[in-house]
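Protein chains: 2
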Amino acid sequence: MPTPTRPLRADAARNRELLLAAAEEELAERGVDASIADIARRAGVAKGTVFRHFATKEELLAAVFGNHLAALTDAGARQLDAPDPGAALLEFVTAAADAMQRYDLTYLRVLSQNDPRLSELRDRLHAIVSSLVDRARAAGAVRGDITGTDVFLLLCAPAHTVELVADPPPDLWRRYLAIVLDGLRPEGATALPHPAPAWP
Amino acid sequence: MPTPTRPLRADAARNRELLLAAAEEELAERGVDASIADIARRAGVAKGTVFRHFATKEELLAAVFGNHLAALTDAGARQLDAPDPGAALLEFVTAAADAMQRYDLTYLRVLSQNDPRLSELRDRLHAIVSSLVDRARAAGAVRGDITGTDVFLLLCAPAHTVELVADPPPDLWRRYLAIVLDGLRPEGATALPHPAPAWP
DNA sequence: GGCTAAAGTGACCGAGCGGTCAACTTGGTA
DNA sequence: TACCAAGTTGACCGCTCGGTCACTTTAGCC
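Residue numbers (this note's numbering), protein chains in the order written: chain A, 1 to 200; chain B, 1 to 200.
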């Protein structure tokens, strides 16, 4: 509702997209320690231009992470009215774990503390995951003592697990996602030793 | 076999221990980005002293990580002849996951590439985990398609999962360890979509 | 085509980092 | 106690980083 924000000039709009794309690639390759100078170089602009579009590095990172959060939220929303709740959750969780290969959600915690837009996006995603989990639980596809927050937190476990091996086969994460999912199923579940964490 | 290494002078030995302790605390608080200057300050010595004991920052980190790896290896070895193989694996994995709360094994991959002593320690730990898993599998406590490497890689999953919440209850990791362990049990296991990774 | 505000540029800044070293202090020894 | 090698110190170096700004270039409008 604030900031009328009259439209960007054509070159500025183009450079903004180039920067976001460059940041995305650089972040995927080097992680959050990727430097602004490298991102600018990859985008083919000067360093000063980066700061014309994003006041700080954090703001640029928040923009990139925000895009991915939004995409994931959309993917989740699309599964909300799928006929089979168990399959819907599986579909979403697989897409999410795949995305986590490229983007470390861990840094999201720090980032969303200072960026209300990002924390709202995060909460929206959390809400959708919770809905998916509730439906799957009601259908008997996941055990009764699992919450949406649990699944939300476990989303990047497969990506993290794979990180430890030097040159991971590109689909290895699926193995560990499958193991975690087996742990979420009602069959053979044992009592959990700690209550589910509150959100946030 | 090399470097006879005559004993350290008393003050040097004391400072070395102070440095290792300070590095341990600083690393636990700030992670691998903790600075040498801060570590030196915490130990109550000058920065130059750090480099007299450890030629590079990597070497200091390797010393700290090495201590923890060795402790974990010992804990694992102690379970090798326990009467119940399933309980033995559970005991070890719990201790390891607890330790991972404080030390991010992810960096171990980078570190052990340049430090043969560290990579040997890592391989020893891997071998012990593999033995524990083999025994547990033979006893029917874990599913047949799980390898020691799988469990080795999954060791820090609970710690990573908990990292996403702002002020995690100190025992929350046990919840996610339990979920992963349920995924490792034979009951309700589904076929895994990717073969186990080779070691290393 | 000429004007102007918006956008782009790159040299520059200060802070913090890992690492060095000449000068100084000190523990162990004969 | 006198000596010296071992150990300590902190100023210093080179480098990289995020961020700034006076100046130049340019898109969009009449």
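Where a beta carbon is used, it is the ideal one built from N, C-alpha and C, also for glycine.
Model, not experiment: these values are computed from the prediction.
{"Check": "Pro-2(A) to Thr-56(A) span [Cα, whole Å]", "Outcome": "At Pro-2(A) the pLDDT is 44, less than 50, meaning the model places this residue with poor confidence and gives no usable figure here."}
{"Check": "Where Leu-105(B) meets chain A, residues with beta-carbon distance less than 7 Å", "Outcome": "Leu-164"}
{"Check": "Contact between the region 89–96 of chain A and the region 27–44 of chain A (3+ Cβ pairs under 8 Å)", "Outcome": "no"}
{"Check": "Whole-angstrom C-beta distance between Asp-182(B) and Gly-188(A), which should lie under 8 Å", "Outcome": "6 Å"}
{"Check": "Given Ala-139(B) as reference, the closest of Leu-155(B), Pro-83(B), Leu-69(B) and Ala-71(B) once Cα atoms are compared", "Outcome": "Pro-83(B)"}
{"Check": "Interface partners of Asp-171(A) on chain B, CB under 9 Å", "Outcome": "Pro-193 and His-194"}
{"Check": "Test item: CB-CB of Leu-164(B) and Leu-105(A) under 8 Å", "Outcome": "yes"}
{"Check": "Glu-24(A), buried or exposed, once every other Cβ within 10 Å from all chains shown has been counted against 16", "Outcome": "buried"}
{"Check": "Any chain B beta carbon closer than 8 Å to Ala-157(A)", "Outcome": "yes"}
{"Check": "Where the alpha helix (DSSP H) through Gly-44(A) begins and ends", "Outcome": "Run containing Gly-44(A): none; DSSP gives neither H nor E here."}
{"Check": "Asp-115(B) burial status per 10 Å Cβ neighbour count (16 or more: buried)", "Outcome": "buried"}
{"Check": "Cβ neighbours of Leu-19(A) in the same chain (closer than 8 Å, five flanking residues each side left out)", "Outcome": "Ile-39, Ala-40, Ala-43, Val-45, Thr-49, Val-50, His-53, Phe-54 and Leu-60"}
{"Check": "Collapsed DSSP secondary structure at Ile-36(A) in the structure displayed", "Outcome": "helix"}
{"Check": "8 Å Cβ cutoff, Ile-179(A) in contact with chain B", "Outcome": "yes"}
{"Check": "Closest by C-alpha distance to Trp-173(B), when choosing among Thr-190(B), Leu-80(B), Leu-154(B) and Thr-147(B)", "Outcome": "Leu-154(B)"}
{"Check": "Listed by chain order, chain B residues near Thr-161(A) by CB distance under 7 Å", "Outcome": "Leu-153, Leu-154 and Ala-157"}
{"Check": "8 Å Cβ cutoff met for Leu-69(A) and Leu-121(A)", "Outcome": "yes"}
{"Check": "Short CB-CB distance (under 8 Å) between Arg-109(A) and chain B", "Outcome": "yes"}
{"Check": "Endpoints, alpha helix (DSSP H) assigned at Glu-91(B)", "Outcome": "85–100"}
{"Check": "Contacting residues, own chain, Cβ-Cβ under 6 Å from Gly-148(B) (five flanking each side not counted)", "Outcome": "Val-129, Ser-130 and Val-133"}
{"Check": "Buried or exposed by the 16-neighbour rule on C-beta atoms within 10 Å, applied to Val-180(A)", "Outcome": "buried"}
{"Check": "Contact under 8 Å by Cβ, Ala-62(B) with Leu-118(B)", "Outcome": "yes"}
{"Check": "Test: Glu-24(B) CB closer than 8 Å to a CB of chain A", "Outcome": "no"}
{"Check": "Pairwise C-alpha distance: Ala-10(B) and Val-110(A)", "Outcome": "44 Å"}
{"Check": "Closer than 7 Å at the beta carbon, the chain A residues around Arg-185(B)", "Outcome": "Gly-188"}
{"Check": "Ala-166(A) and Pro-200(B) closer than 8 Å at C-beta", "Outcome": "yes"}
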